[in-house]
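Every number in my numbering is 287 more than the matching position in the sequence shown, counting from 1.
Glycine is no exception: its CB is placed at the ideal position from the N, C-alpha and C atoms.
Here the structure is a predicted model, which is why all the values come from computation and not from measurement.
What follows is a single structure, written as structure tokens, with notes after it.
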Amino acid sequence: CISIPRLQGRVRRFLQTQSLQSRAIAPQRHGPDVRPLRATSVSRHLRGNDMAKTVVITGAGSGFGKGAALALAKRGHTVIATTETDEQAAALRGEAPQLSVEKVDITNARDIAKIGEWPIDVLINNAGAGKTGPMVDVPLDIVRHVFEVNVFGTLAATQAAVPKMIEQGSGRVIIVSSIA
288 CISIPRLQGR VRRFLQTQSL QSRAIAPQRH GPDVRPLRAT SVSRHLRGND
338 MAKTVVITGA GSGFGKGAAL ALAKRGHTVI ATTETDEQAA ALRGEAPQLS
388 VEKVDITNAR DIAKIGEWPI DVLINNAGAG KTGPMVDVPL DIVRHVFEVN
438 VFGTLAATQA AVPKMIEQGS GRVIIVSSIA
């Protein structure tokens, strides 16, 4: 188990290291309009003080997502923090009025459609679910839910956001995962 501040520090150091290492690497092309995601471009994309970005963070009701949303808003970015439930959204709105908070359950098609309507510079797919225990003891409905959130919900959010990014001519997608 790792604390949120320690994880944020590791991510920051990783991004700085990647930024220094990748300057000499020529970008690769993957299809007509798609560039591979590199930590360096994400770091530079968010770090630039010349223009604030619009950042959507899924799973921002608590933990790393909430911390990232608050930190990015403090740096001057427009942050749309999404939560799974209306109750989480109301609580976050009351706690952090500087954030634009929306209820987006990434396993719900109607909620996912909202993402495609927003102008997004950066999508941070942070929402996640987990269940630990011996494989023979974990009910299949819980395993299915974990896959719905961590795999299919993340993919759905990305598919909703990317067409707008292509239309804008830029954008970044970050997928946060855990092996915990």
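First and last residue of the uninterrupted alpha helix (DSSP H) at Glu374 | Position 87 of the sequence shown, counted from the start, is the residue given in the question as residue 374. First-last of the alpha helix (DSSP H) with Glu374: Asp373 to Glu382.
Going along the chain, which residues of its own chain have a beta-carbon closer than 6 Å to the beta-carbon of Ala356, five neighbours each way excluded?
-> Looking up residue 356 in the sequence shown gives position 69. Taken in chain order, the residues that qualify are Ile344, Ala347, Val366, Ala368 and Leu386.
Determine which residues share a DSSP beta bridge with Ser387 and list them.
-> Indexing the sequence shown from 1 puts residue 387 at position 100. The partner list for Ser387 (beta bridge, DSSP) reads Ile367.
Does the distance from the C-beta atom of Ala339 to that of Gly354 stay below 8 Å?
-> Here residue 339 refers to the residue found at position 52 of the sequence shown. Here residue 354 refers to the residue found at position 67 of the sequence shown. The criterion of a C-beta distance shorter than 8 Å is not satisfied by Ala339 and Gly354.
Compare the Cα-Cα distances from Arg431 to each of Pro450, Gly352, Ala416 and Ala443 and report the closest residue.
-> Your numbering for residue 431 matches position 144 in the sequence shown. Ranked by how close their Cα comes to the Cα of Arg431, the residues Pro450, Gly352, Ala416 and Ala443 have Ala416 in first place.
Taking only the alpha-carbon atoms, compute the straight-line gap between Pro406 and Gly420 and give it to the nearest angstrom.
-> The count along the sequence shown starts at 1 and reaches residue 406 at position 119. The count along the sequence shown starts at 1 and reaches residue 420 at position 133. Each residue's alpha carbon lies about 40 Å from the other.
Rank Glu389, Pro384, Ala360 and Asn412 by C-alpha distance to the C-alpha of Glu374 and give the top, closest one.
-> Translated into positions along the sequence shown, residue 374 becomes position 87. The shortest CA-to-CA distance from Glu374 to any of Glu389, Pro384, Ala360 and Asn412 is the one to Glu389.
Is it true that the segment 390-410 meets the segment 432-448, where meeting means three or more beta-carbon pairs spaced less than 8 Å apart?
-> Counting Cβ pairs under 8 Å, three or more are found: they touch.
Ile399, DSSP secondary structure in three states | Position 112 of the sequence shown, counted from the start, is the residue given in the question as residue 399. Three-state DSSP puts Ile399 in a helix.
Could you check the C-alpha separation between Pro426 and Val460 for me, to the nearest Å?
-> Along the sequence shown, read from residue 1 onward, the residue named residue 426 stands at position 139. Along the sequence shown, read from residue 1 onward, the residue named residue 460 stands at position 173. Approximately 32 Å between the Cα atoms of the pair.
Considering only residues of the same chain and omitting the five flanking positions on each side of Gly440, which have a CB-CB separation below 7 Å?
-> For the purposes of this step, residue 440 is taken as the residue at position 153 of the sequence shown. Only Ile393, Thr394 and Ala414 meet the Cβ criterion.
Ala342 and Ile411: beta carbons closer than 8 Å?
-> Along the sequence shown, one-based indexing puts residue 342 at 55. Along the sequence shown, one-based indexing puts residue 411 at 124. With the sequence shown as reference, residue 342 is identified as Val, and Ala is not the correct amino acid for it. Yes; because the gap between Cβ atoms is below 8 Å, this pair is in contact.
3 or more residues per run - each beta strand (DSSP E) lying fully within the segment 418-463 = For the segment 418-463, whole beta strand (DSSP E) runs of length 3 or above, ordered along the chain, are 459-462.
Leaving aside the five residues before and after Ala376 along the sequence, list all residues of the same chain whose C-beta is less than 7 Å from its C-beta, in chain order.
-> Residue mapping note: residue 376 aligns to position 89 of the sequence shown, counting from 1. Excluding the 5 residues flanking it on each side, Ala376 has same chain C-beta neighbours closer than 7 Å at Thr370, Val388, Glu389 and Lys390, in chain order.
Using beta-carbon positions only, say whether Gly458 and Val423 come within less than 8 Å of one another.
-> Position 171 of the sequence shown, counted from the first residue, corresponds to residue 458. Position 136 of the sequence shown, counted from the first residue, corresponds to residue 423. Contact: no.
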